[in-house]
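Everything on this sheet refers to the single structure shown next.
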Amino acid sequence: MKTEHAHMTECAAEAARVARGVSARQLEATATPCADWDVRTLINHWVLYTSHGMEHRALRTELPEELIARDFTADADWAERYAAQLDRAVAAWSDPAAWEGTIGEGESASPAADTAAMLIEEIALHGWDVARATGQEFRLSDEAAAHVLGTVEKTAALYRRYEGFTDEVDAPGATGFTRALALSGRDPRWTAS
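The sequence shown runs 52 to 244 under the working numbering.
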């Protein structure tokens, strides 16, 4: 749990840094690595699931409908609010009990540690999407990158089944986070221009 929580903390800090680097003008951009989403839609998904969703998963509570429908980017200080919510989410996962048992019900239930790993993956992959769409980089330590890659390797087939990932992109010699991007269907060479 300590290692995974450290990766979560690192990815959240990098996501907050990237969010703070998005200008108001860039919110109107249409090109993102996620073909069906413009920048605003991508950021709203990212904010909802990687901060609010991450906290609610740790606490085993449902996301309120109000959050699901919210345009987080409508607030001029959305990036600061996102950073603060990421801090709350990471703090919720600092409780060892958050990593125990299962999260979800029925067929969607999964071990809490697996859910946390997928949330870390989501922060990193969509963090990269936002970074690339806004002319930034998403940087991870080798250790966090290896963790994200390991999770992508375990979940790629499931994500493809539900159209969360597209087919793997050919990236000869790619390792670490670049390999995770390619395996998730993202072209590591993608740029907005």
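In this text, a Cβ means the ideal position worked out from N, Cα and C, and glycines have one as well. Predicted, not measured: the structure shown is a model, and the values here were computed from it.
Asked                                                                                                                                                                                 : Found
Which residues mark the beginning and the end of the alpha helix (DSSP H) in which W129 is found?                                                                                     : W129 to A143
Rounded C-beta distance between A168 and T202? I'm assuming under 8 Å.                                                                                                                : 4 Å
Please work out which residues of its chain come closer than 7 Å, Cβ to Cβ, to A130, disregarding the five sequence neighbours upstream and downstream, and give them in chain order. : A70, R71 and V73
Grouping DSSP H, G and I as helix and E and B as strand, with all else coil, what is S102?                                                                                            : helix
List the endpoints of the continuous alpha helix (DSSP H) containing D193.                                                                                                            : D193 to R212
Just mark L232 as buried or exposed, buried being the case when its beta carbon has 16 or more other beta carbons within 10 Å.                                                        : buried
Which residue marks the beginning of the alpha helix (DSSP H) containing M169, and which one marks its end?                                                                           : A163 to A184
F228 and A207: beta carbons closer than 8 Å?                                                                                                                                          : no
Of the residues A75, E214 and E188, which one's Cα is nearest the Cα of T242?                                                                                                         : E188
In three-state DSSP terms, what is T229?                                                                                                                                              : helix
Return yes when the Cβ of E173 is within less than 8 Å of the Cβ of R139, no when it is not.                                                                                          : no
Inspect the CB distances between the stretch 76-84 and the stretch 152-159 and report whether three or more fall short of 8 Å.                                                        : no
Would a C-beta distance cut-off of 8 Å place V181 and I94 closer than the cut-off?                                                                                                    : yes
In the DSSP assignment, find the unbroken alpha helix (DSSP H) run with V220 in it and report its ends.                                                                               : Premise fails: V220 is in no alpha helix (DSSP H) and is neither H nor E.
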